[in-house]
Every structure is written in structure tokens, then in C-alpha cells.
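> My questions will all concern the structure given below.
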Amino acid sequence: MPSHELRQVIMKVGDLVMIKVHPRGGLERTGVVIDILQKKCWRTSERGVGVDWNKVEPEPHGRVLFGQKVVTIPVVDMVVVND
Numbered sequence: 000m001p002s003h004e005l006r007q008v009i010m011k012v013g014d015l016v017m018i019k020v021h022p023r024g025g026l027e028r029t030g031v032v033i034d035i036l037q038k039k040c041w042r043t044s045e046r047g048v049g050v051d052w053n054k055v056e057p058e059p060h061g062r063v064l065f066g067q068k069v070v071t072i073p074v075v076d077m078v079v080v081n082d
């Protein structure tokens with residue numbers, strides 16, 4: 000079972016979050032969760048490059064405001080920093 004299916008959603012709207020692994024390296028950027036929604040996510044590292052949306056279930060994603068840009072990111076790829 001993929002690790003993203005084992006976690007419980009504890010993130011909520013208004014939380015300050017960071018991307019676990021930012022493309023530029025490390026936990027550099029913070030943003031604010033503005034919405035939580037369910038979306039499908041195809042992880043090529045786990046399932047390969049042949050996408051088949053019938054093989055994956057929706058999982059929680061956060062819509063996150065970074066400055067003036069909104070990005071949708073799987074919840075398991077973020078960490079809450081305002082405990």
C-alpha cells in the first residue's frame with residue numbers, strides 16, 4: 000500500500016504549511032492552505048509512466064497560497080508548521 004494511503008488528513012484551511020521537498024531544495028517556502036479537496040494523483044515513481052486513472056483513488060490535496068500564486072499539492076507532500 001502506498002504511503003499516501005496510510006496517513007490521516009490533519010491539515011485544515013488556514014494552516015501554514017511547507018512543501019516537504021521543495022524543487023529548489025529543502026523546506027524553503029511556506030504558504031497558507033486556502034482549501035482542501037480530493038483529487039487523483041499519478042505517482043510515476045510508484046506506478047510508472049503509463050497513466051491509468053481507473054487504478055487510483057482520489058486523495059486529499061491542499062490548495063495553497065504562496066505569495067500571489069495558488070498551487071494544488073497532495074497533503075502528504077506538505078508539513079504543517081503552525082502547530
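Using numbering that gives the first Met the number 0, the letters of the sequence shown correspond one by one to residues 0 to 82.
The C-beta atom is built at its ideal place from N, Cα and C for all residues, glycine as well.
1. Note down, one range per segment and in chain order, each alpha helix (DSSP H) of at least 4 residues found wholly within the segment 34-78.
2. Mapping DSSP to helix, strand and coil, what is G30?
3. In chain order, what residues of the same chain have a beta carbon less than 6 Å from the beta carbon of I33, not counting five sequence neighbours either side?
4. Between the alpha carbons of V73 and S44, how many angstroms are there, rounded?
5. Return the first residue and the last residue of the beta strand (DSSP E) that M17 is part of.
Straight from the coordinates:
1. As far as the segment 34-78 is concerned, its whole alpha helix (DSSP H) runs of at least 4 residues are 43-46.
2. Start at 1 with the first residue of the sequence shown, and residue 30 comes out as number 31. Three-state result, G30: strand.
3. In the sequence shown, counting from the first residue as 1, residue 33 sits at position 34. Excluding the 5 residues flanking it on each side, I33 has same chain C-beta neighbours closer than 6 Å at R62, L64, in chain order.
4. Along the sequence shown, one-based indexing puts residue 73 at 74. Along the sequence shown, one-based indexing puts residue 44 at 45. According to the sequence shown, residue 73 is Pro rather than Val. Cα to Cα, the separation comes out at about 15 Å.
5. Translated into positions along the sequence shown, residue 17 becomes position 18. Unbroken beta strand (DSSP E) run through M17: 15-18.
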